[in-house]
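Student: Residue 230 in the working numbering is what sits at position 245 of the sequence shown, and the numbering runs on without skipping anything. Think of the CB as a built atom: it goes at the ideal place given N, C-alpha and C, for glycine as much as any other residue. Predicted model, so just to flag it, every value in this text is computed and none were measured.
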Amino acid sequence: MKGIKTTIAAVAALLVAGAAQADPVKVGMITTLSGGGASLGIDARDGFMLAVKQANNPDLEVVIEDDQRKPDVAVQLADKMIQQEKVDVLTGIIWSNLAMAVVPSAVAQDKFYLSVNAAPSQLAGKGCNANYFSVSYQNDNLHEAAGGYASSAGYENAFILAPNYPAGKDSLAGFKRFFFGDIAGEVYTKLGQTDYAAEIAEIRASGADSVFFFLPGGMGIAFMKQYAQSGVDIPLIGPAFSMDQGILGAVGDAALGVKNTSNWSKDIDNATNKAFVESFVAEYDRLPSLYASYGFDTANLLLSAMGKANVNDKEAFRDALRAADFNSVRGKFVFGPNQHPIQDIYVREVVKEGDVLTNKIVGVALKDHADAYASECSM
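#1: What are the boundary residues of the alpha helix (DSSP H) that residue 32 is part of?
#2: Please return the same chain residues whose Cβ sits closer than 6 Å to the Cβ of residue 358, not counting the five positions on each side in sequence.
#3: Taking a contact to mean a Cβ-Cβ separation below 8 Å, would you say residue 11 touches residue 50 in this structure?
#4: Nearest CA to the CA of residue 320: which residue from 355, 176 and 288?
#5: Which residue from 289, 235 and 92 puts its Cα closest to that of residue 112?
#6: Buried or exposed: where does residue -4 fall if 16 or more other Cβ atoms within 10 Å of its Cβ makes it buried?
#7: Hey, would you say residue 342 sits closer than 8 Å to residue 332, going by beta carbons?
#8: Give me the Cα-Cα distance between residue 364 and residue 196, rounded to the nearest whole angstrom.
#9: Could you check how far apart the C-beta atoms of residue 345 and residue 252 are, in whole angstroms? I think they sit under 8 Å.
#10: Check for me: the beta strand (DSSP E) holding residue 372 runs from which residue to which?
#11: In this structure, how does DSSP classify residue 56 when only helix, strand and coil are distinguished?
#12: What are the start and end residues of each continuous beta strand (DSSP E) run of 3 or more residues lying completely inside the stretch 268 to 348, in chain order?
#13: Exposed or buried, what is residue 241 when buried is set at 16 or more other beta-carbons lying within 10 Å of its beta-carbon?
#14: Please classify residue 81 as buried or exposed, where buried requires at least 16 other C-beta atoms within 10 Å of its C-beta.
#15: Can we count residue 239 as close to the ligand SAM, meaning its CB is less than 7 Å from some heavy atom?
#16: What separation, rounded to the nearest whole angstrom, lies between the Cα atoms of residue 323 and residue 361?
#17: What does the Cβ neighbour count give for residue 41, buried or exposed, with the cut at 16 atoms within 10 Å?
#18: Need the endpoints of the beta strand (DSSP E) that residue 146 sits in, please.
#19: Considering residue 226, what are the terminal residues of the alpha helix (DSSP H) in which it resides?
#20: Residue 155 and residue 114 - do their beta-carbons sit closer together than 8 Å?
#21: Among 165, 181 and 13, whose alpha-carbon lies nearest the alpha-carbon of residue 96?
#22: Hey, how far is the Cα of residue 350 from the Cα of residue 246?
#23: When you compare the CB positions of residue 199 and residue 101, do they come within less than 8 Å of one another, or not?
#24: Which partner residues does residue 247 have in the DSSP bridge list?
#25: Taking C-beta to C-beta, are residue 72 and residue 48 nearer than 8 Å?
#26: Look at residue 151 and residue 204 and say whether their C-beta atoms are less than 8 Å apart.
#27: With a threshold of 16 other CB atoms inside 10 Å of the CB of residue 162, please say whether the residue is buried or exposed.
#28: Specify the secondary structure class of residue 157 as computed by DSSP and reduced to three states.
#29: Is it right to say residue 90 is buried, meaning 16 or more other beta carbons lie within 10 angstroms of its own, or is it exposed?
#30: Under 6 Å Cβ to Cβ from residue 280, same chain only, skipping five residues before and after it: list those, please.
Here it is in structure tokens:
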């Protein structure tokens, strides 16, 4: 009997020691922290790090670098993180042209990549990879919802514009996929552009009954201000990126009433989201943005996988990520077969709460929506 007890105790000790000695996970976060679009990267970083702080997991280490919104810088940082820092997981990239420069090489080197934002169509379809997970969406999704909303609202002749880079092309493709009217004009602007006089003149002369625009960050701020000053009164519709919390403060009352589509909003009614909004405001003294919500969910997805599997057991860790066993700020969270979310997408309206401009959900644009490229993924 004594021998049996000793054996049981020894096995228990080994199990405890094995859990304590689980290999830590090192994350390399490459995101935009300076220059144009810095607010997006800062929000994604802050949301991610809020979840890390709340978890207080000593086995998780995060290394953060600024890509300056430059693809060559992002590639150099990824090489450094993989070869010198020996990271297990990469994350953080906001811009799709940077993602296309970094992700294929990173996953080919057997590193996991968890996207907090950029999710170009090339990585959702034929270019999908078992090590690549998009926690945010697939680039087309919010724009598909905007096209669907525009049709349901009775618009028949839309002018559409977006920056000339992968996410911009995905955005207009997504809008047109679900919009059943005519296209009065289709324009690709320069990435980072801040003067939209020519485009607004085209809109004025187009005969359009609505304008769909995808211009994230400072581009959206510049466009909205100039559009309001122009006196053109054609209704605007955009994805959340063009009407997000950081943009609204800079645009001001010109944004009131604009409809936009989003898979997250601060008024989604679940306990996790309410706690996230409250804790983000307490930590950073500002309302969270869409990008912050994605960062928060990404960190919690990673932490959930760490609780189930060792990162060095690639297959087990991959399965743990696929399970998505965490409480999302969006409520229900499941991955489709190409490891992109299947999720609800809402219509929001810009409103004023006290002195603060923000968004309020006014309806559901698409329910349990999957992306258009999953069938092309051969995983």
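Tutor: Walking through what the data contain:
#1: Position 47 of the sequence shown holds residue 32. Per DSSP, residue 32 is one residue of the alpha helix (DSSP H) stretching across 23 to 40.
#2: Along the sequence shown, one-based indexing puts residue 358 at 373. Excluding sequence neighbours, residue 358 sits near 106, 109 and 110.
#3: In the sequence shown, the residue the question calls residue 11 occupies position 26. In the sequence shown, the residue the question calls residue 50 occupies position 65. No. Outside cutoff.
#4: Here residue 320 corresponds to residue number 335 of the sequence shown, with the count starting at 1. Nearest option by C-alpha distance: 355.
#5: As a working note, residue 112 is residue 127 in the sequence shown. Nearest option by C-alpha distance: 92.
#6: Working through the sequence shown from its first residue, we reach residue -4 at position 11. Summary for residue -4: the model assigns pLDDT 38, below 50, so the residue's position carries little reliability; its value from the coordinates is reported in the next sentence. Exposed, because fewer than 16 other Cβ atoms sit within 10 Å of the Cβ of residue -4.
#7: The count along the sequence shown starts at 1 and reaches residue 342 at position 357. The count along the sequence shown starts at 1 and reaches residue 332 at position 347. Not closer than 8 Å, so no.
#8: Translated into positions along the sequence shown, residue 364 becomes position 379. Translated into positions along the sequence shown, residue 196 becomes position 211. Roughly 38 Å separates the two Cα atoms.
#9: By one-based count along the sequence shown, residue 345 stands at place 360. By one-based count along the sequence shown, residue 252 stands at place 267. So it is a contact: roughly 6 Å between Cβ atoms.
#10: Because the chain in this structure spans residues -14 to 364, residue 372 falls outside the shown range and cannot be described.
#11: Locating residue 56 in the sequence shown gives position 71, counting from the first residue. DSSP, read as helix, strand or coil, puts residue 56 in helix.
#12: List check, beta strand (DSSP E) in window: 326 to 338.
#13: If you number the sequence shown from 1, residue 241 lands on position 256. The residue in question, residue 241, is exposed, as its Cβ has fewer than 16 Cβ neighbours within 10 Å.
#14: Here residue 81 refers to the residue found at position 96 of the sequence shown. Per the 10 Å Cβ criterion, buried.
#15: Only the bare structure without any ligand can be found here, which leaves the ligand SAM out of the picture.
#16: The sequence position of residue 323 within the sequence shown is 338, counting from 1. The sequence position of residue 361 within the sequence shown is 376, counting from 1. The C-alpha of residue 323 lies about 9 Å from the C-alpha of residue 361.
#17: Walking along the sequence shown from the start, residue 41 turns up at place 56. Residue 41 should be labelled exposed.
#18: To locate residue 146, count along the sequence shown from 1; it is residue 161. DSSP places residue 146 inside the beta strand (DSSP E), whose first and last residues are 142 to 148.
#19: What you label residue 226 is simply residue 241 of the sequence shown in a count that begins at 1. It is not in any alpha helix (DSSP H) - residue 226 carries neither H nor E in the DSSP assignment.
#20: Here residue 114 is taken as the residue at index 129 of the sequence shown, counted from 1. Here residue 155 is taken as the residue at index 170 of the sequence shown, counted from 1. Contact: no.
#21: Residue mapping note: residue 96 aligns to position 111 of the sequence shown, counting from 1. Minimum Cα-Cα distance from residue 96 among the listed residues 165, 181 and 13 corresponds to 13.
#22: The residue labelled residue 350 in the question sits at position 365 within the sequence shown. The residue labelled residue 246 in the question sits at position 261 within the sequence shown. When rounded, the distance between both Cα atoms is 7 Å.
#23: Mapped onto the sequence shown, residue 199 falls at position 214. Mapped onto the sequence shown, residue 101 falls at position 116. For residue 199 and residue 101, no; Cβs fall outside 8 Å.
#24: Position 262 of the sequence shown holds residue 247. For residue 247, which the question treats as bridged, DSSP gives the partners 331.
#25: As a working mapping, residue 72 is identified with position 87 in the sequence shown. As a working mapping, residue 48 is identified with position 63 in the sequence shown. Cβ atoms of residue 72 and residue 48: closer than 8 Å.
#26: The residue given as residue 151 occupies position 166 in the sequence shown. The residue given as residue 204 occupies position 219 in the sequence shown. Pairing residue 151 with residue 204 gives a Cβ-Cβ distance that is not under 8 Å.
#27: Against the sequence shown, residue 162 aligns to sequence position 177. Its Cβ having fewer than 16 others within 10 Å, residue 162 is exposed.
#28: Against the sequence shown, residue 157 aligns to sequence position 172. In this structure, residue 157 counts as helix in the three-state DSSP scheme.
#29: Stepping through the sequence shown from its first residue, residue 90 is reached at position 105. Under a 10 Å Cβ-count criterion, residue 90 is classified as exposed, with fewer than 16 other Cβ atoms of the shown protein chains found around its own Cβ.
#30: For this step, residue 280 is matched to residue 295 along the sequence shown. These residues qualify, in order along the chain: 29, 32, 33 and 101.
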